[in-house]
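In the order they appear, the protein sequences are chains L and R. Under this note's numbering, the first residue of the first sequence is numbered 2, with each subsequent residue one higher. Under this note's numbering, the first residue of the second sequence is numbered 11, with each subsequent residue one higher. Just so it is clear, CB atoms sit at the ideal spot from N, CA and C, and this is done for glycine as well. Values in this document were obtained by computation on a predicted structure and should not be read as measured data. Have a look at the structure below, then the notes.
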Amino acid sequence: MLCGVLDPTAGRAEVLGFDVSKEPDEIKRRIGYMSQKFSLYEDLTVAENLAFYAGIYDVSEDVFAERRLAILEMADLRGREDELAGNLSVGWKQRLALGCAIVHQPPMLFLDEPTGGVDPIARRHFWDLLYDMAREGVTLFVTTHYMEEAEHCHRLGFIYDGKIIALDSPKKIKERFADHIIEMVCDDQEAALALLDKHERVRNVYLYGAAVHVNFGDFTGGAAEAGKVLKAAGLRAMNAAPVSPSLEDVFVSLIERAQD
Amino acid sequence: MLKRLYQLIRKEFLQVRRDRLMLPMILIVPIVQLVMFGYAATTDVKDIKMVVLDRDQSDLSRRLTREFTNAGLFVITSRADDEGQIRRALDSGSAQIALRLPHGLKSDVWAGRPAAVQIIVDGSNSNTAGIALGYANQILGRESSRLVAAKLARLSSGSGLPQVDTSIRVWYNPETKSVNYMVPGLIAIILMISAMSNTSQAIVRERDQGTLEQLIVTPVRRAELILGKIVPYAVIGLIQISVIFLVGLVWFKVPFRGSVWLLYASAIVFLFAALGQGLFVSTVSRTRQQAIMATMMFIMPAMMLSGFAFPIENMPAPMYYLSYLVPMRYFLVILRGIFLKGAGLTILWPQMALLTVYGVAIFFLSVSRFHKKLGD
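As structure tokens, this is what we get:
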């Protein structure tokens, strides 16, 4: 919708100062878009893909000659111009797709879950490229469900059930969130989850990586309380201690509240 | 606008060139089809195998038998001594038709008693059987009237007899060669299959790869997108029919009596219908397999109801009226008219008008449907 493809059913929005439903062509010319699918022509070569998108965006020959080098450099694809895009490994495909999306140097770039299915190293490399672009003044609009990626952003919006339930910098969002989170490791996680879920002071309890996170709301004695409850039931809890809430904790709790 | 369209078309041709199977398919498929239809799917019938049971053994019975073989339509493969042998010959397929001349044929004829000559035809191939029966009837009828004439001549002497002399001329396709009939038909079929399946495949592939989604967030207009998919495959379709046209003319010596311009003009009009159907297929198919199946749904009725394989005039009424809905029907009349009759627009304009109406209607309906579906 923000890219000017779909008409909003209600309300209005502006991208780069242009109205999405009235001036979609102005927007399309100025944005880059990269989806999760890395939309490349797999049966065209690296160079052909770049040339095609450059042509579509009406990039002049001279500018393209320059951009081509810069993008190949950035994507680490120099010397592989004649390889078919379909034969590249995922990380390279991703960087080529990024290259195609920015061949016309858009001031704004939309990234739709750009790192799905990419290994952690390639993902880190990719984010380094995004940082460089952001430093150069490109506005990046990223959707993701990786919370550690969300943490990289300057401004963060949580969307649940089609509504924005929080919108601020990651730091501010976490600061405003006052709930106390206890992290612990239990030998029988499932039994612990079931037990703590029934506790009257517990707002929320869920698995967090290898550990269990318990949200005690504004109750400060959570660590001791959880240990006591579990011990009474014959369960063992290790290293129960308060932790500062992560974005994931915030997100889970916000959704929980939105559902009520 | 033109620059973006050029980029899209260029990209499509790059992809076609890259596809190892596609390029040979474009040229070889039409030729293979043409050879198959030209040689194998012939409905010409000659050298029909015949078994004869001659119980009369008279000069009349021998003359009748000879009449059958003279025209080159029938060959006597065996002679039977009894009915059982006739049955065996027909059962085994060593003969397709049996001629049974009863004892006393000649004397019955001259005595003025009805004489029964029996023809038995193997009807398991109804096409051949029908043609064989037609020939047999013709021969026996001619012989019969010759005998009547001879008898009358013997009774009244001299003066000529009232007689209707049929002289048959086959116009437009004097040798009634089926390849002459098939080549125009193939041009229509190949054009339809190629335009429909190539366009729908190209669009479905693009959606599958996610590049369609990518393209609609670029400045590419939807009209450019559609033209970029249609123009390349229209060009390929026209190349293919040129191949069929040339091979048909040079190798199969199909007569061409009309205007080449009219041929291509009607092909382009027909392409609107075919490409429109291709676009439609792409809007209802999620995968390439679905697109193939959906394409078949269009091609089967076109083959059956357009008059490509079976004459429309012989169809039962509901099928006959249904055939008016098949755009290829009009294209075929035009093509056969141009090829075999040398007909021009003065004669073919009703078909051309209907084809244009259909083509443009199908095309724009599909384009608008494609438009709406694109955003989803």
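Could you round the C-beta distance between residue 15(R) and residue 234(R) to whole angstroms and report it? I think they count as a contact, below 8 Å. Mapped onto the second sequence, residue 15(R) falls at position 5. Mapped onto the second sequence, residue 234(R) falls at position 224. Going by Cβ atoms, the distance from residue 15(R) to residue 234(R) rounds to 5 Å, so yes, they are a contact pair.
Open item on the list: Below 7 Å on C-beta distance, what does residue 230(R) contact in chain L?
Closed with: Here residue 230(R) refers to the residue found at position 220 of the second sequence. Residues of chain L with a Cβ closer than 7 Å to the Cβ of residue 230(R) are, in chain order, 57.
What residues in its chain sit with their C-beta under 6 Å from that of residue 273(R), if we drop five residues either side in the sequence? Along the second sequence, read from residue 1 onward, the residue named residue 273(R) stands at position 263. Taken in chain order, the residues that qualify are 348.
Could you list the residues in the stretch 18 to 31 of chain R with a C-beta less than 9 Å from some C-beta on chain L, going in chain order? 18, 20, 21, 24, 25, 28, 29
Taking the alpha-carbon positions, what's the residue 41(R) to residue 249(R) distance? Residue numbering aside, residue 41(R) sits at position 31 when the second sequence is read from its first letter. Residue numbering aside, residue 249(R) sits at position 239 when the second sequence is read from its first letter. Our two residues, residue 41(R) and residue 249(R), have alpha carbons roughly 12 Å apart in a direct line.
Which chain R residues sit within Cβ distance under 7 Å of residue 40(L)?
-> As a first step, residue 40(L) is located in the first sequence; it is residue number 39 there, counting from the start. Near residue 40(L) (Cβ distances below 7 Å), the residues of chain R are 219, 220, 221, 223, 224.
Please report whether the beta-carbon of residue 142(L) lies at a distance below 8 Å from any beta-carbon of chain R. On the first sequence, residue 142(L) is found 141 positions in, with the first residue counted as 1. So, not an interface residue.
- Query: Between residue 244(L) and the rest of its own chain, which residues show a CB-CB distance below 6 Å, the 5 nearest in sequence each way excluded?
  - Reply: As a position in the first sequence, residue 244(L) is number 243, starting the count at 1. Excluding positions up to five away in sequence, the list reads 182, 184.
Legend entry - Beta-carbon proximity of residue 78(R) to residue 130(R), cut-off 8 Å: Counted from its first residue, the second sequence places residue 78(R) at position 68. Counted from its first residue, the second sequence places residue 130(R) at position 120. No, the Cβ-Cβ distance between residue 78(R) and residue 130(R) is not below 8 Å.
Please compile the residues from chain L whose C-beta is within a distance smaller than 8 Å of the C-beta of residue 227(R).
The residue labelled residue 227(R) in the question sits at position 217 within the second sequence. Near residue 227(R) (Cβ distances below 8 Å), the residues of chain L are 4, 5, 6, 29, 32, 34, 111.
If you measure from the beta carbon of residue 217(L) to each beta carbon in chain R, is any gap under 8 Å? For the purposes of this step, residue 217(L) is taken as residue 216 along the first sequence, with counting starting at 1. No, its Cβ sits nowhere closer than 8 Å to a Cβ of chain R.
Where the beta strand (DSSP E) through residue 128(R) begins and ends: Taking the second sequence and counting its residues from 1, one reaches residue 128(R) at position 118. 128 to 131 is the span of the beta strand (DSSP E), which, as asked, contains residue 128(R).
ask   = Could one say the Cβ of residue 53(L) lies closer than 8 Å to chain R's Cβ atoms, at least one of them?
value = Along the first sequence, read from residue 1 onward, the residue named residue 53(L) stands at position 52. It does; some Cβ of chain R falls within 8 Å.
- Just list the alpha helix (DSSP H) runs in the stretch 12 to 39 of chain R, keeping only unbroken ones of 4 residues or longer that don't cross its boundaries, in chain order. 12 to 28
- Task: Since I believe residue 305(R) is in contact with residue 291(R) (beta carbons under 8 Å), could you give me their beta-carbon distance rounded to a whole number of angstroms?
- Result: Sequence index remark: in the second sequence, residue 291(R) carries index 281 (1-based). Sequence index remark: in the second sequence, residue 305(R) carries index 295 (1-based). Indeed, because the Cβ distance is near 6 Å, the residues count as touching under 8 Å.
Rounded C-alpha distance that separates residue 186(L) from residue 221(L)
Reading the first sequence from its first residue, position 185 is the one you call residue 186(L). Reading the first sequence from its first residue, position 220 is the one you call residue 221(L). Rounded to whole angstroms, the separation of the alpha carbons of residue 221(L) and residue 186(L) is 19 Å.
* Which of the three DSSP states, helix, strand or coil, is assigned to residue 296(R)? -> Locating residue 296(R) in the second sequence gives position 286, where the first residue counts as 1. It is coil, neither helix nor strand.
I want to verify the contact list: residues of chain R whose CB lies under 7 Å from the CB of residue 137(L), in sequence order.
Here residue 137(L) refers to the residue found at position 136 when the first sequence is read from its first residue. Within chain R, no residue has its beta carbon less than 7 Å from that of residue 137(L); the closest one is some 22 Å off.
_Using beta carbons (cut-off 8 Å, strictly below), is residue 114(L) in contact with chain R?_
Position 113 of the first sequence, counting from 1, holds the residue named residue 114(L). With 8 Å as the cut-off, residue 114(L) does not count as an interface residue toward chain R.
_Rounded to the nearest angstrom, what separates residue 287(R) and residue 376(R) at their Cα positions?_
Position 277 of the second sequence holds residue 287(R). Position 366 of the second sequence holds residue 376(R). Between residue 287(R) and residue 376(R), the C-alpha separation is close to 7 Å.
Is any beta-carbon of chain R found at less than 8 Å from that of residue 84(L)?
Here residue 84(L) refers to the residue found at position 83 of the first sequence. It does not: the Cβ of residue 84(L) has no partner Cβ on chain R nearer than 8 Å.
For residue 239(R), go through chain L and note every residue whose CB falls closer than 7 Å to its CB, in chain order.
Sequence index remark: in the second sequence, residue 239(R) carries index 229 (1-based). The premise fails here: residue 239(R) is roughly 14 Å from chain L at the closest Cβ pair, so nothing lies under 7 Å.
* Who are the neighbours of residue 20(L) on chain R, taking C-beta pairs under 7 Å? -> In the first sequence, counting from the first residue as 1, residue 20(L) sits at position 19. Within chain R, no residue comes near residue 20(L); the closest Cβ sits about 17 Å away, beyond 7 Å.
When you compare the stretch 73 to 89 of chain L with the stretch 41 to 61 of chain L, are there three or more beta-carbon pairs, one atom per stretch, that lie closer than 8 Å? yes
I need the straight-line Cα distance from residue 16(L) to residue 27(L), nearest angstrom please. Sequence index remark: in the first sequence, residue 16(L) carries index 15 (1-based). Sequence index remark: in the first sequence, residue 27(L) carries index 26 (1-based). Near 9 Å, if we compare the C-alpha coordinates of residue 27(L) and residue 16(L).
Considering only C-alpha positions, which residue in the set 192(L), 162(L), 257(L), 228(L) is nearest to residue 204(L)?
Residue 204(L) sits at position 203 when you count from the first residue of the first sequence. It is 257(L).
Check: Along the stretch 227 to 259 of chain L, what residues have a CB closer than 9 Å to any CB found in chain R?
Finding: none
Notebook entry, point to check: Buried or exposed: which applies to residue 340(R), given that a residue is buried once 16 or more other Cβ atoms fall within 10 Å of its Cβ?
Noted result: Position 330 of the second sequence, counted from the start, is the residue given in the question as residue 340(R). Flag for residue 340(R) reads buried.
Exposed unless 16 or more other CB atoms sit within 10 angstroms - verdict on residue 49(L):
Your numbering for residue 49(L) matches position 48 in the first sequence. Residue 49(L) should be labelled buried.
Checking the sheet assignment: what are the DSSP bridge partners for residue 86(R)?
As a working mapping, residue 86(R) is identified with position 76 in the second sequence. Paired residues: 60(R).
| said: Which residues in chain L have a C-beta closer than 8 Å to the C-beta of residue 14(R)? List them in chain order. | reply: The sequence position of residue 14(R) within the second sequence is 4, counting from 1. Correct list: 56, 57, 59.
(message) For the structure I just gave you, are there three or more beta carbon pairs, one from the stretch 60 to 72 of chain R and one from the stretch 85 to 93 of chain R, closer than 8 Å?
(response) yes
Note to self: Distance cutoff 8 Å, beta carbons only. Does residue 45(L) sit that close to anything in chain R?
What the structure shows: Taking the first residue of the first sequence as 1, we reach residue 45(L) at position 44. Yes, contact with chain R.
| Within 10 angstroms of its Cβ, does residue 134(L) collect 16 or more other Cβ (buried), or is it exposed? | As a first step, residue 134(L) must be located in the first sequence, where it is residue number 133. By the 10 Å Cβ count, residue 134(L) comes out buried.
- Query: Would a check of beta-carbon distances place residue 63(L) closer than 8 Å to chain R?
  - Reply: Position 62 of the first sequence, counted from the first residue, corresponds to residue 63(L). The beta carbon of residue 63(L) does not come within 8 Å of any beta carbon belonging to chain R, so the residue lies off that interface.
*Of the listed residues 176(L), 172(L), 210(L), 227(L), nearest to residue 199(L) (C-alpha basis)*: For the purposes of this step, residue 199(L) is taken as residue 198 along the first sequence, with counting starting at 1. Comparing Cα positions, the closest option is 227(L).
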